[in-house]
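Have a look at the structure below before the remarks.
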Ligand code: ADP
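Numbering (the numbering used here), first residue to last: 37 to 477.
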């Protein structure tokens, strides 16, 4: 096992990894920019290294600075958290070249899944059902029209290099497609430096269901069920739960096995998430994330496993600490993302938090790390024996939470919890935006 690992991240996820390392008896190294010298992750880690000035391009995204920090401190491995360099294949490769372990999948797997077209082709080859659409990049409008004619309108145009819900355009007919195709390409060029786009059938009322997978890199893999992340605003998740209210044990076992078998086949190592749209009993792959997800705690709660601990174990060459038949769902968990923003406008609410009181008690976990200039205040996760208990606990915990000095999205969740559709688990990826339009116009 490693003696010391470095965490190439900040905020709540850095704390999350430091905590797992400490429980495993592993020393942790925090890295930080000059602006974060007093941040919580720096205080909580055993050691810290300043790796550059405030702009993340010169600090948290600086591969050279992070590798130097490993060499100075003797850290044997790097946990990337999520965001920043977590899905950067050349970073994983650079670490390997320096004899440092990347706590995550191989550079090759990151590269394959980072390009959405290659990811889709790979998924299809591995037996995973995908959304109908173009077989690859769509070079011109004539091709786009041809694809749309064969799959039918509406269609969605997506950037090959896209991410974070950006670079997507929906078209209802040929006329709209012409404009959408052009704007999607120029937006993709600006945002990602790559104007390649592809086309998919636009599903009308799907749920966003994602399967958590985990591999040991030696041909063994398991799945840890699904998370329903359908409550989204501008393609960004705001509320996640596990198990998914619409997923039966039989469906879970089937799609879970397809995903676990697929990643086992490629000797995938560590945590991964296979994202699907789910409609009328069918799953359609959209992408795979080769890292720990923001919403991983809901899975941890219902399976009683520490996914970060497991990531560190397999990165060190140890076997996974559970087999598929040992993984059983216990109860229900919900996560809400609490942002510093004004409701209803969702405009950022900058300022200094004067008072913060995190909720506690049975079945309540608050993963937070307050930051100036950082929109997520924290994630509140609750666990109950069943869904109604989890909902009641969420309401209770939100009531205990005190954030003074900035506005937050807490009022939004109080309103959502009062909605019959939310109580019934009856929603899809469009529900939240339609509801917001009805509530606030
Ligand atoms: P990103 O990598 O930018 O997050 P995804 O491909 O994961 O993009 O899609 C993000 C969200 O966009 C999905 O959760 C869903 O809400 C919506 N979306 C993506 N593809 C489709 C589609 N074919 N039909 C309908 N909605 C879609």
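The beta carbon of each residue, even a glycine, is placed where N, CA and C say it ideally should be.
task: Please report the residue range of the alpha helix (DSSP H) in which residue 459 lies.
output: 456 to 460
message: Please report the distance separating the alpha-carbon of residue 238 from that of residue 206.
response: Inter-residue distance for residue 238 and residue 206 is about 7 Å (C-alpha atoms, whole angstroms).
query: Could you give the distance in angstroms between the alpha-carbon of residue 95 and the alpha-carbon of residue 387?
result: Separation of residue 95 and residue 387 (C-alpha to C-alpha, rounded to the nearest whole angstrom) is 23 Å.
message: Could you compute how far the alpha carbon of residue 198 sits from the alpha carbon of residue 323?
response: 11 Å
field: residue 102 to residue 80 span [Cα, whole Å]
entry: 19 Å
query: Looking at the structure shown, is residue 308 part of a helix, part of a strand, or coil, going by DSSP?
result: In the structure shown, residue 308 sits in a strand (DSSP, three-state: E or B).
8 Å contact criterion, which residue 105 and residue 67 should meet: CB distance rounded: Between the beta-carbon of residue 105 and that of residue 67 there is about 5 Å, and that keeps the pair under the 8 Å contact cut.
task: Specify, as a first and last residue, the run of the alpha helix (DSSP H) that residue 182 falls within.
output: 177 to 187
message: Relative to the C-alpha of residue 441, which candidate in 221, 413 and 418 has its C-alpha closest?
response: Of 221, 413 and 418, the smallest CA-CA separation from residue 441 is found for 413.
query: Where residue 446 and residue 175 are concerned, what is the direct C-alpha to C-alpha distance, given to the nearest angstrom?
result: 44 Å
- request: Return the residue from the list 325, 259 and 112 that minimises the CA-CA distance to residue 300.
  value: Per the Cα distances, 259.
message: Can you tell me whether residue 254 is helix, strand or coil according to DSSP?
response: Three-state DSSP puts residue 254 in coil, outside helix and strand.
field: Run of the beta strand (DSSP E) containing residue 60, from where it starts to where it stops
entry: For residue 60, no beta strand (DSSP E) run applies, since DSSP gives it neither H nor E.
query: From what residue to what residue does the beta strand (DSSP E) around residue 345 run?
result: Segment 343 to 351 is the alpha helix (DSSP H) holding residue 345; no beta strand (DSSP E) there.
task: Pull up the CB-CB distance for residue 356 and residue 346, whole angstroms please, since I reckon it's below 8 Å.
output: 6 Å
message: Across the segment 283 to 298 and the segment 125 to 144, are there enough close Cβ pairs to call them in contact, namely three or more that are closer than 8 Å?
response: no
Given residue 318 as reference, the closest of 204, 61, 302 and 286 once Cα atoms are compared: 286
Sequence-distant residues of its chain with Cβ nearer than 8 Å to residue 455 (five each side left out): 471
field: Collapsed DSSP secondary structure at residue 326 in the structure displayed
entry: coil
- request: Please name the residue or residues paired with residue 111 in a DSSP beta bridge.
  value: Within the DSSP bridge table, the entry for residue 111 names no partner.
message: Please report the distance separating the alpha-carbon of residue 160 from that of residue 166.
response: 6 Å
- prompt: Helix, strand or coil: which one does DSSP assign to residue 76?
  reply: Three-state DSSP puts residue 76 in a helix.
query: Taking just the CA atoms, how far does residue 451 sit from residue 244?
result: 22 Å
message: Does residue 466 come out as helix, strand or coil in the three-state DSSP assignment?
response: coil
- request: Just the C-alpha distance for residue 119 and residue 188, rounded to the nearest angstrom, thanks.
  value: 35 Å
field: Assumed close pair residue 400, residue 429 - CB separation to whole angstroms, cut-off 8 Å
entry: 7 Å
query: Do residue 237 and the ligand ADP come close, with the Cβ less than 7 Å from some heavy atom?
result: yes
field: Rounded straight-line distance, which links the Cα of residue 177 to that of residue 15
entry: Residue 15 cannot be examined here, being either before or after the span of the chain that is shown, 37 to 477.
message: Given the structure, does residue 204 come close to the ligand ADP, in the sense that its CB is under 7 Å from one of the ligand's heavy atoms?
response: The answer is yes for residue 204.
- request: Return the chain-ordered list of same chain residues with a C-beta closer than 7 Å to the C-beta of residue 108, the five sequence neighbours on each side being excluded.
  value: 85
- prompt: From the DSSP output, which residues share a beta bridge with residue 391?
  reply: 440
query: Mind checking whether residue 157 and residue 196 have CB atoms under 8 Å apart?
result: no
- prompt: Any heavy atom of the ligand SAM closer than 7 Å to the Cβ of residue 244?
  reply: Annotation note on the ligand SAM: not contained in the displayed structure, which lists the ligand ADP as its ligands.
message: Can you tell me whether residue 365 is helix, strand or coil according to DSSP?
response: Residue state, collapsed to three classes: coil.
field: Limits of the unbroken beta strand (DSSP E) element including residue 123
entry: Where residue 123 is concerned, there is no enclosing beta strand (DSSP E), given that its DSSP letter is neither H nor E.
query: Between the segment 224 to 232 and the segment 271 to 286, do three or more beta carbon pairs fall short of 8 Å?
result: Result no; under three Cβ-Cβ pairs closer than 8 Å.
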